[in-house]
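Working notes for the structure below.
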Amino acid sequence: MHARADGQGRPLGLILTGGEVSDYQAANDLLELPVVPPKAMLADKGYDSDDVRCALLLKGILPVIPPRANGKQAIDYNFQAYHDRNRVERMFNRIKQLRRITARYDKTALSFLYFLNIAAARLWLPSFVNRTWHYFGRTWGGTLGLGVPNRRLSDS
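Residues in the sequence shown are numbered consecutively from 1, following UniProt numbering.
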(Lines of atoms letter the chains of each structure in order from A; the text may use other names.)
(Lines give C-alpha, C1' and ligand atoms only; values in the text may rest on other atoms or scores of the structure.)
Protein backbone atom coordinates (compact mmCIF):
# COMPACT_ATOMS: atom_id res chain seq x y z
CA MET A 1 0.00 0.00 0.00
CA HIS A 2 1.33 3.41 -1.00
CA ALA A 3 -0.26 6.71 -0.07
CA ARG A 4 0.04 10.37 -0.82
CA ALA A 5 -0.86 12.68 2.05
CA ASP A 6 -1.27 16.39 2.59
CA GLY A 7 0.66 18.47 5.13
CA GLN A 8 -1.75 17.54 7.90
CA GLY A 9 -1.41 13.80 7.42
CA ARG A 10 -4.69 13.24 5.59
CA PRO A 11 -4.63 10.81 2.65
CA LEU A 12 -4.96 12.30 -0.83
CA GLY A 13 -4.68 9.05 -2.73
CA LEU A 14 -3.94 5.38 -2.20
CA ILE A 15 -2.27 2.90 -4.51
CA LEU A 16 -2.23 -0.83 -3.93
CA THR A 17 0.68 -2.89 -5.26
CA GLY A 18 1.94 -6.39 -4.67
CA GLY A 19 4.09 -7.12 -1.66
CA GLU A 20 7.20 -7.70 -3.76
CA VAL A 21 6.99 -4.38 -5.64
CA SER A 22 9.64 -1.86 -4.71
CA ASP A 23 8.53 1.47 -3.28
CA TYR A 24 10.17 3.62 -5.94
CA GLN A 25 8.24 1.85 -8.70
CA ALA A 26 5.01 3.32 -7.28
CA ALA A 27 6.41 6.86 -7.06
CA ASN A 28 5.29 7.85 -10.58
CA ASP A 29 1.78 6.56 -9.92
CA LEU A 30 1.62 8.61 -6.72
CA LEU A 31 2.71 11.74 -8.58
CA GLU A 32 0.11 11.18 -11.31
CA LEU A 33 -2.80 11.29 -8.85
CA PRO A 34 -5.22 14.11 -9.74
CA VAL A 35 -4.42 16.39 -6.80
CA VAL A 36 -2.44 19.60 -6.41
CA PRO A 37 1.28 18.97 -6.98
CA PRO A 38 3.32 19.22 -3.78
CA LYS A 39 6.24 21.57 -3.20
CA ALA A 40 8.25 18.74 -1.65
CA MET A 41 7.95 14.97 -1.47
CA LEU A 42 8.81 13.46 1.90
CA ALA A 43 9.54 9.77 1.43
CA ASP A 44 11.46 7.04 3.19
CA LYS A 45 14.60 5.26 2.00
CA GLY A 46 12.55 2.87 -0.12
CA TYR A 47 12.01 5.69 -2.62
CA ASP A 48 15.73 6.47 -2.87
CA SER A 49 16.70 6.19 -6.52
CA ASP A 50 18.19 8.55 -9.07
CA ASP A 51 15.19 8.08 -11.37
CA VAL A 52 12.74 9.18 -8.68
CA ARG A 53 14.86 12.18 -7.72
CA CYS A 54 15.21 13.30 -11.35
CA ALA A 55 11.48 12.85 -12.03
CA LEU A 56 10.65 14.94 -8.97
CA LEU A 57 13.08 17.70 -9.89
CA LEU A 58 11.76 17.83 -13.47
CA LYS A 59 8.26 18.39 -12.08
CA GLY A 60 9.51 21.14 -9.76
CA ILE A 61 9.14 19.05 -6.59
CA LEU A 62 11.88 19.05 -3.98
CA PRO A 63 12.81 15.45 -3.07
CA VAL A 64 13.26 15.01 0.70
CA ILE A 65 14.44 11.40 0.67
CA PRO A 66 17.24 10.16 2.92
CA PRO A 67 19.93 8.10 1.18
CA ARG A 68 20.18 4.38 1.75
CA ALA A 69 22.89 3.18 4.11
CA ASN A 70 24.63 1.31 1.29
CA GLY A 71 24.54 4.28 -1.11
CA LYS A 72 27.67 4.92 -3.14
CA GLN A 73 27.53 8.69 -2.83
CA ALA A 74 26.30 10.98 -0.10
CA ILE A 75 23.09 12.81 -0.97
CA ASP A 76 22.00 15.91 0.88
CA TYR A 77 18.41 16.25 2.01
CA ASN A 78 16.55 18.59 4.33
CA PHE A 79 16.70 16.77 7.66
CA GLN A 80 14.35 19.25 9.36
CA ALA A 81 11.69 18.84 6.66
CA TYR A 82 12.07 15.05 6.84
CA HIS A 83 10.82 15.15 10.44
CA ASP A 84 7.37 16.07 9.10
CA ARG A 85 7.14 12.63 7.49
CA ASN A 86 5.94 11.27 10.83
CA ARG A 87 2.51 12.65 9.90
CA VAL A 88 2.37 10.17 7.05
CA GLU A 89 3.41 7.34 9.37
CA ARG A 90 0.71 8.36 11.84
CA MET A 91 -1.79 8.37 8.96
CA PHE A 92 -0.87 4.76 8.16
CA ASN A 93 -1.22 3.95 11.86
CA ARG A 94 -4.74 5.42 11.97
CA ILE A 95 -5.73 3.55 8.81
CA LYS A 96 -4.38 0.27 10.19
CA GLN A 97 -6.34 0.66 13.42
CA LEU A 98 -9.21 -0.90 11.51
CA ARG A 99 -8.88 -4.64 11.96
CA ARG A 100 -10.24 -5.38 8.50
CA ILE A 101 -7.28 -3.56 6.94
CA THR A 102 -4.63 -4.90 9.30
CA ALA A 103 -5.77 -8.52 8.92
CA ARG A 104 -6.62 -8.14 5.20
CA TYR A 105 -9.88 -10.05 5.34
CA ASP A 106 -10.78 -9.11 1.77
CA LYS A 107 -10.07 -11.73 -0.85
CA THR A 108 -9.65 -9.42 -3.82
CA ALA A 109 -7.38 -6.42 -4.16
CA LEU A 110 -10.26 -4.33 -5.45
CA SER A 111 -12.44 -4.84 -2.38
CA PHE A 112 -9.43 -4.17 -0.14
CA LEU A 113 -8.75 -0.92 -2.01
CA TYR A 114 -12.40 0.09 -1.63
CA PHE A 115 -12.22 -0.41 2.11
CA LEU A 116 -8.93 1.54 2.21
CA ASN A 117 -10.79 4.43 0.60
CA ILE A 118 -13.51 4.19 3.25
CA ALA A 119 -10.83 4.28 5.95
CA ALA A 120 -9.25 7.31 4.26
CA ALA A 121 -12.61 9.08 4.17
CA ARG A 122 -12.93 8.39 7.89
CA LEU A 123 -9.72 10.34 8.44
CA TRP A 124 -11.10 13.31 6.49
CA LEU A 125 -14.44 13.50 8.35
CA PRO A 126 -13.23 15.61 11.31
CA SER A 127 -12.16 18.30 8.84
CA PHE A 128 -15.73 18.78 7.67
CA VAL A 129 -17.73 18.30 10.85
CA ASN A 130 -18.66 21.11 13.20
CA ARG A 131 -18.13 19.69 16.67
CA THR A 132 -20.24 20.84 19.59
CA TRP A 133 -19.85 19.43 23.08
CA HIS A 134 -22.41 19.45 25.87
CA TYR A 135 -20.99 19.70 29.35
CA PHE A 136 -23.24 20.19 32.38
CA GLY A 137 -25.94 21.88 30.33
CA ARG A 138 -23.53 24.26 28.58
CA THR A 139 -22.84 24.13 24.90
CA TRP A 140 -19.29 24.70 23.75
CA GLY A 141 -18.29 25.17 20.14
CA GLY A 142 -15.61 23.11 18.50
CA THR A 143 -13.95 23.94 15.21
CA LEU A 144 -15.51 24.86 11.89
CA GLY A 145 -13.44 22.32 10.00
CA LEU A 146 -10.96 24.98 8.96
CA GLY A 147 -9.24 25.04 12.33
CA VAL A 148 -11.17 28.20 13.27
CA PRO A 149 -12.62 27.87 16.77
CA ASN A 150 -16.28 28.69 17.35
CA ARG A 151 -17.11 31.02 20.18
CA ARG A 152 -18.98 29.84 23.20
CA LEU A 153 -22.59 29.39 22.16
CA SER A 154 -24.54 29.68 25.42
CA ASP A 155 -24.03 29.94 29.17
CA SER A 156 -27.31 28.45 30.34
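Glycine is no exception: its CB is placed at the ideal position from the N, C-alpha and C atoms.
The C-beta of P34 has fewer than 16 other C-beta atoms within 10 Å across all chains shown, which makes the residue exposed.
By DSSP's assignment, G13 forms a beta bridge with R4. Cβ contact annotation for V52 (same chain, cutoff 6 Å, sequence separation greater than five): Y24, A27, in chain order.
Annotation for A55: the continuous alpha helix (DSSP H) segment containing it runs 50-58. Contact between the stretch 60-72 and the stretch 36-51 is established, with three or more Cβ pairs separated by less than 8 Å. When rounded, the separation of the alpha-carbon atoms in S127 and G9 is 12 Å. Counting C-beta atoms within 10 angstroms of its own C-beta, Y47 has 16 or more neighbours from the protein chains shown and is therefore classed as buried.
E89 and K96 have their C-alpha atoms roughly 11 Å apart. If you compare the alpha carbons of G60, F92, L125, I101 with that of F115, the shortest gap goes to I101. If you draw a straight line from the Cα of E32 to the Cα of L16, it comes to about 14 Å.
The Cβ-Cβ distance between A81 and P11 does not fall below 8 Å. Taken atom to atom, the span from the alpha-carbon of S111 to that of R122 is near 17 Å.
Here A103 is exposed. Its C-beta has fewer than 16 other C-beta atoms within 10 Å. Residue pairing from DSSP places A40 in a beta bridge opposite L62.
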